[in-house]
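Let me begin by presenting the structure, written as structure tokens, before commenting on it.
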Amino acid sequence: GESVGLHLPTLSVQEGDNSIINCAYSNSASDYFIWYKQESGKGPQFIIDIRSNMDKRQGQRVTVLLNKTVKHLSLQIAATQPGDSAVYFCAETSRDNYGQNFVFGPGTRLSVLP
Amino acid sequence: NAGVTQTPKFQVLKTGQSMTLQCAQDMNHEYMSWYRQDPGMGLRLIHYSVGAGITDQGEVPNGYNVSRSTTEDFPLRLLSAAPSQTSVYFCASSQDRISLFFGSGTQLSVL
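Here it is, written out as structure tokens:
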């Protein structure tokens, strides 16, 4: 069946270091892959997405990499800051199933150490 | 511009009680949805709507009803609350059906 999962449930990084959060997916028909950030007591917040026809996309301090060969997605955060502490979710979806098949992973908790 | 507003933030129910979780968005998004979030299981889709007057079931619709009489509002009704419905509920809206805008959530406990 379809699944989106994460290799590491928790990740601790030193402030100023780069963070890499990984995600595996199984549905090769997915068109979009999305990363969300969820801070304590808040709803998930959209960070960045990448289409299946791309390998890399950059945003402000974040880069998402997509490796379709091994069905792997990663989120890289440069110069990690205390405000980056949160749970990060990857999700996949397809335009062929509008609204019906957002599949979320269980999340990775990122802790930034001072 | 408030985004997606959910009420209440917290609710405690007894088994068998009914209630409605409110969700409103002011971004004129056609797409709205309800998710529940349980520890270790990520977000699971309950119901969604692609426009006023149109609703459809998601992954876990049993025990929940929705309606979409306006573009702005998408209430979620629990018909007869059960302990298995203890969860955090999120409403989300989207214009492109790719990037979701989430509300701040409703934490529901069913005793």
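Sequence order for the protein chains is U and G.
Everything in the first sequence is counted per the working numbering, starting at 1431 for the first residue and increasing by one.
Everything in the second sequence is counted per the working numbering, starting at 6 for the first residue and increasing by one.
Glycine is no exception: its CB is placed at the ideal position from the N, C-alpha and C atoms.
Extent of the continuous beta strand (DSSP E) to which residue i belongs
{"i": "U:V1492", "result": "1492-1497"}
{"i": "G:L26", "result": "24-30"}
{"i": "G:D101", "result": "Note, G:D101: premise wrong, no beta strand (DSSP E); not H, not E."}
{"i": "U:Q1468", "result": "1462-1468"}
{"i": "U:F1476", "result": "1475-1481"}
{"i": "G:F79", "result": "From DSSP, G:F79 is part of no beta strand (DSSP E); its letter is neither H nor E."}
{"i": "U:Q1511", "result": "From DSSP, U:Q1511 is part of no beta strand (DSSP E); its letter is neither H nor E."}
{"i": "U:E1448", "result": "Here residue 1448 of chain U turns out to be Asn, not Glu, going by the sequence shown. Premise fails: U:N1448 is in no beta strand (DSSP E) and is neither H nor E."}
{"i": "G:M37", "result": "36-42"}
{"i": "U:R1539", "result": "1538-1543"}
{"i": "U:Q1488", "result": "1486-1488"}
Beta-carbon proximity of residue i to residue j, cut-off 8 angstroms
{"i": "U:T1493", "j": "U:Q1511", "result": "no"}
{"i": "G:M32", "j": "G:S98", "result": "yes"}
{"i": "U:Y1466", "j": "U:F1476", "result": "yes"}
{"i": "U:P1536", "j": "G:M46", "result": "yes"}
{"i": "U:T1523", "j": "U:S1460", "result": "yes"}
{"i": "G:Y53", "j": "G:G63", "result": "yes"}
Residues of its chain near residue i, where Cβ-Cβ distance is below 8 angstroms and the 5 sequence neighbours each way are ignored
{"i": "U:L1438", "result": "Here U:L1438 scores only 47 on pLDDT, less than 50, and its place in the model is too uncertain to base an answer on."}
{"i": "U:A1508", "result": "N1448, R1491, V1492, T1493"}
{"i": "G:S23", "result": "R82, L83, L84, S85, A86"}
{"i": "G:K14", "result": "S109, G110, T111, Q112"}
{"i": "U:S1482", "result": "S1460, D1461, Y1462, F1463, L1496, K1498"}
Contacts around residue i, its chain only, beta-carbon distance under 6 angstroms, and the 5 residues preceding and following it disregarded
{"i": "U:I1464", "result": "D1479, A1521"}
{"i": "U:Q1444", "result": "L1543"}
{"i": "U:G1513", "result": "none"}
{"i": "G:Q16", "result": "L113"}
{"i": "U:R1487", "result": "I1480, V1494"}
{"i": "U:D1485", "result": "L1496"}
{"i": "U:G1435", "result": "Note that U:G1435 scores a pLDDT of 48, beneath 50, so its modelled location is shaky and nothing firm can be said."}
{"i": "U:T1440", "result": "R1539"}
{"i": "G:G56", "result": "E35"}
{"i": "U:V1489", "result": "One point to set straight first is that residue 1489 of chain U is Gly, not Val, in the sequence displayed. Same-chain partners within the cutoff: I1478."}
{"i": "G:V93", "result": "Q42, G110, Q112"}
{"i": "G:V65", "result": "R49, I51"}
Expected contact under 8 angstroms - CB spacing of residue i and residue j to nearest Å
{"i": "G:I51", "j": "G:Y36", "result": "At roughly 14 angstroms, the Cβ-Cβ gap does not stay under 8 angstroms, so G:I51 and G:Y36 are not in contact."}
{"i": "G:L48", "j": "G:F95", "result": "7 angstroms"}
{"i": "G:S72", "j": "G:T60", "result": "7 angstroms"}
{"i": "G:T91", "j": "G:V115", "result": "5 angstroms"}
{"i": "G:Q11", "j": "G:L26", "result": "7 angstroms"}
{"i": "G:C28", "j": "G:P80", "result": "6 angstroms"}
{"i": "G:F106", "j": "G:G21", "result": "In fact, because the Cβ distance is near 33 angstroms, the residues do not count as touching under 8 angstroms."}
Cβ shell of residue i (< 7 angstroms), same chain only, five flanking positions each side left out
{"i": "U:A1516", "result": "K1467, Q1468, E1469, L1540"}
{"i": "G:N70", "result": "R82, L84"}
{"i": "U:S1442", "result": "S1541, L1543"}
{"i": "U:R1525", "result": "D1461"}
{"i": "U:K1472", "result": "none"}
Review point. Taking Cβ-Cβ distances below 9 angstroms as the criterion, which residues of the stretch 1450-1476 of chain U are in contact with chain G?
Key: So the list reads D1461, Y1462, I1464, Y1466, Q1468, G1471, K1472, G1473, P1474, Q1475, F1476, given in the order they occur along the chain.
**Prompt:** Quick one, which residues of the stretch 91-105 of chain G are near chain U if we go by CB-CB under 7 angstroms, in chain order?
**Reply:** Taking 7 angstroms as the Cβ-Cβ cut-off against chain U, the residues of the stretch 91-105 of chain G that qualify are F95, R102, I103, S104, L105.
What are the residues in the stretch 40-53 of chain G lying within 7 angstroms of chain U by C-beta distance? Taking 7 angstroms as the Cβ-Cβ cut-off against chain U, the residues of the stretch 40-53 of chain G that qualify are G45, M46, G47, L48, L50, Y53.
Exercise for the section: Pull out every residue of the stretch 65-80 of chain G whose Cβ sits closer than 8 angstroms to any Cβ of chain U, in chain order. Expected result: Sequence-ordered contacts of the stretch 65-80 of chain G with chain U are nonexistent [C-beta pairs closer than 8 angstroms].
Worksheet item: What are the residues of the stretch 10-43 of chain G that lie near chain U, defined by any Cβ-Cβ distance shorter than 7 angstroms?
Response: Those residues of the stretch 10-43 of chain G that come within reach of chain U (Cβ to Cβ, closer than 7 angstroms) are Y36, S38.
- Item | Where the stretch 1475-1504 of chain U meets chain G: residues whose CB sits under 8 angstroms from a CB there | If the cut-off is 8 angstroms between Cβ atoms, the stretch 1475-1504 of chain U has Q1475, F1476, D1479 near chain G.
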